[in-house]
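Residue numbers (the numbering used here): 631 to 787. Glycine included, C-beta positions come from ideal geometry on N, C-alpha and C. Single-structure report; data block below.
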Amino acid sequence: MSNLDVFRSTKAMREWPIVLLRVYTGIFFLSHGWSKITGDDFGVAGFLGAVSENTFGFYRPFVEAVVLPNQGLFAFLVGYGELALGIALILGFATRYAAFAGAFMLANFWFAKGQGILAGQNHDIIWMVILIVLGGLHAGRTMSLDQKLVSRFKFLA
């Protein structure tokens, strides 16, 4: 075994926690997206109706003028967005793009709920930070499709 092989195996061992976090986060979002798509209990109006009194003031006009009149579209985008995010993270495909798009989606959930950044029930912030870390660390460099396809598709680097 050459010194380069030892370095590569050591690097892979150091990155296993990130791989596990990426895959677990992917399973979480895949599960939530799938339940929204296959269930009939998810509705944007119901969600926003329950949180509208707490929605951040700067975000309320967007919710009232854009989201509520197009709630079917937004329900579709949320369900399939979570599903796509989960699949991308599990497979490690376009990981950095998926993670940052997911963080943007969660920021919108947070704005709609209007919870404080340190509120104990504010899970959106926690997931948003996890996704920013996964994107920032480029969690798709190990055990992923990104790793296999980067030579053909430079934007995955």
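Pairing Ala769 with Leu715, the inter-Cα distance amounts to about 14 Å. Per the C-alpha coordinates, the member of Ala718, Ala705, Trp757 positioned closest to Leu736 is Trp757. The C-alpha of Gly669 is placed about 10 Å away from the C-alpha of His662. With fewer than three CB-CB distances shorter than 8 Å, the stretch 746-757 does not count as touching the stretch 769-785.
Here Val708 is buried, its C-beta having at least 16 other C-beta atoms within 10 Å. In this structure, Glu694 lies away from Phe659, with their beta-carbon atoms at least 8 Å apart.
In the structure shown, Ile747 adopts coil according to DSSP, grouped into three states.
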